[in-house]
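With this note's numbering applied, the sequence shown covers 113 to 282. For glycine and all other residues, C-beta sits at the position ideal for the given N, C-alpha and C.
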Amino acid sequence: MSTATITSTALSQHHETAQQLPRASRPLAAVTGAELQAPLIQGGHIRYANLDYGASAPALTVVSAYLNEILPYYASVHRGAGYASQISTSVYENARNIVRDFVGGRPDDSVIFTRNTTDSLNLLAGCLPVTDGKHTDEVLYLDIEHHANLLPWQGVPTEALLPRKPCRRP
(Lines of atoms letter the chains of each structure in order from A and count residues from 1; the text may use other names and numbers.)
(Lines give C-alpha, C1' and ligand atoms only; values in the text may rest on other atoms or scores of the structure.)
Protein backbone atom coordinates (compact mmCIF):
# COMPACT_ATOMS: atom_id res chain seq x y z
CA MET A 1 0.00 0.00 0.00
CA SER A 2 1.47 3.37 -0.97
CA THR A 3 1.82 6.39 1.30
CA ALA A 4 -0.53 8.37 -0.96
CA THR A 5 -3.17 5.61 -0.74
CA ILE A 6 -2.95 5.49 3.04
CA THR A 7 -3.24 9.28 3.31
CA SER A 8 -6.14 9.66 0.86
CA THR A 9 -8.06 6.78 2.47
CA ALA A 10 -7.72 8.25 5.98
CA LEU A 11 -8.69 11.75 4.82
CA SER A 12 -11.75 10.62 2.85
CA GLN A 13 -12.99 8.46 5.74
CA HIS A 14 -12.59 11.40 8.13
CA HIS A 15 -14.49 13.73 5.78
CA GLU A 16 -17.38 11.26 5.39
CA THR A 17 -17.62 10.78 9.17
CA ALA A 18 -17.56 14.53 9.84
CA GLN A 19 -20.37 15.16 7.33
CA GLN A 20 -22.65 12.65 9.11
CA LEU A 21 -22.38 14.42 12.48
CA PRO A 22 -24.74 17.15 13.68
CA ARG A 23 -23.25 20.57 12.88
CA ALA A 24 -22.79 21.58 16.56
CA SER A 25 -20.64 18.53 17.33
CA ARG A 26 -18.34 18.69 14.32
CA PRO A 27 -15.55 20.80 15.85
CA LEU A 28 -15.27 18.60 18.94
CA ALA A 29 -15.77 15.40 16.97
CA ALA A 30 -12.67 16.20 14.89
CA VAL A 31 -10.53 15.62 18.00
CA THR A 32 -9.62 12.20 19.38
CA GLY A 33 -11.21 11.75 22.81
CA ALA A 34 -14.00 14.28 22.20
CA GLU A 35 -16.53 11.75 23.49
CA LEU A 36 -14.65 11.30 26.79
CA GLN A 37 -16.90 11.46 29.85
CA ALA A 38 -15.55 12.79 33.16
CA PRO A 39 -17.03 11.67 36.51
CA LEU A 40 -18.77 14.30 38.65
CA ILE A 41 -18.30 14.46 42.43
CA GLN A 42 -22.05 14.23 43.02
CA GLY A 43 -22.26 11.25 40.67
CA GLY A 44 -22.91 10.85 37.01
CA HIS A 45 -20.74 11.99 34.15
CA ILE A 46 -20.32 15.00 31.90
CA ARG A 47 -18.62 15.54 28.56
CA TYR A 48 -14.97 16.34 29.30
CA ALA A 49 -13.62 19.67 28.02
CA ASN A 50 -9.83 19.55 27.77
CA LEU A 51 -8.50 23.07 28.41
CA ASP A 52 -4.86 22.02 28.96
CA TYR A 53 -3.34 22.46 25.53
CA GLY A 54 -0.08 24.07 26.73
CA ALA A 55 2.20 21.05 26.54
CA SER A 56 0.05 18.65 24.58
CA ALA A 57 -3.12 18.61 22.58
CA PRO A 58 -5.35 15.75 21.52
CA ALA A 59 -4.81 14.44 18.01
CA LEU A 60 -7.25 15.24 15.27
CA THR A 61 -9.28 12.17 14.39
CA VAL A 62 -7.89 12.18 10.83
CA VAL A 63 -4.36 12.03 12.29
CA SER A 64 -5.32 9.27 14.71
CA ALA A 65 -6.95 7.27 11.90
CA TYR A 66 -3.87 7.69 9.71
CA LEU A 67 -1.55 6.56 12.51
CA ASN A 68 -3.69 3.50 13.15
CA GLU A 69 -3.56 2.67 9.44
CA ILE A 70 0.24 2.87 9.16
CA LEU A 71 1.05 1.44 12.60
CA PRO A 72 1.49 -2.12 11.26
CA TYR A 73 4.30 -0.77 9.05
CA TYR A 74 6.07 1.05 11.91
CA ALA A 75 9.81 0.32 11.94
CA SER A 76 13.15 2.11 12.14
CA VAL A 77 13.50 5.08 9.78
CA HIS A 78 16.73 5.34 7.75
CA ARG A 79 18.25 2.39 9.64
CA GLY A 80 16.60 -0.73 8.31
CA ALA A 81 16.59 -2.66 5.04
CA GLY A 82 13.38 -4.59 5.69
CA TYR A 83 10.00 -4.00 4.09
CA ALA A 84 8.48 -2.17 7.09
CA SER A 85 11.57 0.04 7.46
CA GLN A 86 11.36 1.00 3.80
CA ILE A 87 7.70 1.97 4.18
CA SER A 88 8.37 3.89 7.42
CA THR A 89 11.24 5.77 5.79
CA SER A 90 9.09 6.60 2.77
CA VAL A 91 6.23 7.89 4.95
CA TYR A 92 8.68 9.92 7.06
CA GLU A 93 10.35 11.54 4.04
CA ASN A 94 7.01 12.16 2.34
CA ALA A 95 5.90 14.02 5.48
CA ARG A 96 8.70 16.53 4.82
CA ASN A 97 7.24 17.20 1.37
CA ILE A 98 3.74 17.58 2.80
CA VAL A 99 4.96 20.10 5.40
CA ARG A 100 7.06 21.95 2.81
CA ASP A 101 4.04 22.27 0.51
CA PHE A 102 1.77 23.29 3.39
CA VAL A 103 4.00 26.22 4.41
CA GLY A 104 4.66 27.23 0.80
CA GLY A 105 8.31 26.17 0.79
CA ARG A 106 10.47 25.83 -2.28
CA PRO A 107 11.63 22.38 -3.44
CA ASP A 108 15.17 23.15 -2.23
CA ASP A 109 14.02 24.24 1.27
CA SER A 110 14.80 21.90 4.16
CA VAL A 111 12.21 20.64 6.63
CA ILE A 112 13.65 19.55 9.97
CA PHE A 113 11.62 17.53 12.45
CA THR A 114 12.40 17.98 16.15
CA ARG A 115 10.98 16.46 19.32
CA ASN A 116 9.04 19.55 20.41
CA THR A 117 8.81 23.35 20.22
CA THR A 118 11.49 23.90 22.86
CA ASP A 119 13.89 21.68 20.93
CA SER A 120 13.08 23.62 17.75
CA LEU A 121 13.71 26.98 19.42
CA ASN A 122 17.04 25.78 20.81
CA LEU A 123 18.06 24.63 17.34
CA LEU A 124 16.95 27.90 15.75
CA ALA A 125 18.78 30.04 18.33
CA GLY A 126 21.99 28.18 17.57
CA CYS A 127 21.57 28.51 13.80
CA LEU A 128 21.18 32.26 13.39
CA PRO A 129 23.86 33.58 11.05
CA VAL A 130 26.76 35.51 12.58
CA THR A 131 28.89 38.05 10.68
CA ASP A 132 31.88 39.74 12.34
CA GLY A 133 30.83 38.32 15.69
CA LYS A 134 27.31 39.80 15.43
CA HIS A 135 24.03 38.18 14.53
CA THR A 136 22.70 39.37 11.19
CA ASP A 137 19.07 38.57 12.03
CA GLU A 138 16.85 40.00 14.73
CA VAL A 139 14.51 38.20 17.11
CA LEU A 140 11.28 39.82 18.23
CA TYR A 141 9.86 38.59 21.52
CA LEU A 142 7.15 39.63 23.96
CA ASP A 143 7.51 40.05 27.69
CA ILE A 144 4.78 37.44 28.13
CA GLU A 145 6.72 34.67 26.36
CA HIS A 146 6.82 31.28 28.04
CA HIS A 147 10.08 30.68 29.90
CA ALA A 148 11.01 27.85 27.53
CA ASN A 149 10.89 30.33 24.64
CA LEU A 150 13.15 32.86 26.37
CA LEU A 151 15.94 30.51 27.49
CA PRO A 152 17.31 29.67 24.01
CA TRP A 153 17.89 33.35 23.29
CA GLN A 154 20.09 34.01 26.34
CA GLY A 155 23.19 33.20 24.31
CA VAL A 156 22.23 35.61 21.53
CA PRO A 157 23.82 39.10 21.71
CA THR A 158 21.34 41.65 23.01
CA GLU A 159 21.51 43.79 19.85
CA ALA A 160 19.81 40.94 17.99
CA LEU A 161 16.90 40.81 20.45
CA LEU A 162 14.03 43.24 19.99
CA PRO A 163 11.74 43.24 23.02
CA ARG A 164 8.21 44.37 22.33
CA LYS A 165 6.43 45.88 25.26
CA PRO A 166 2.76 45.06 25.65
CA CYS A 167 0.15 47.58 24.58
CA ARG A 168 -1.32 49.46 27.50
CA ARG A 169 -5.06 49.35 27.84
CA PRO A 170 -6.88 52.65 28.48
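Thinking C-alpha only, which one of the options is nearest residue i?
i: L152; options: A146, Y160, A171; result: Y160
i: L172; options: V143, I182, N180; result: V143
i: I182; options: I210, I256, S200; result: S200
i: N209; options: V175, F225, Q198, S188; result: F225
i: P170; options: L148, D213, H258, Y253; result: L148
i: S222; options: L254, I158, V211; result: V211
i: T230; options: V203, E205, Q198, S168; result: S168
How would you call residue i, buried or exposed, if buried means at least 16 neighbouring beta carbons within 10 angstroms?
i: W265; result: buried
i: V215; result: exposed
i: Y178; result: buried
Residue i and residue j look like a contact to me (Cβ under 8 Å); what is the Cβ gap, rounded to whole Å?
i: S197; j: A187; result: 4 Å
message: At 4 residues or longer, what runs of the alpha helix (DSSP H) sit wholly inside the segment 160 to 194?
response: 173 to 182
- request: Would you be able to state if there are at least three C-beta pairs under 8 Å between the segment 251 to 263 and the segment 227 to 234?
  value: yes
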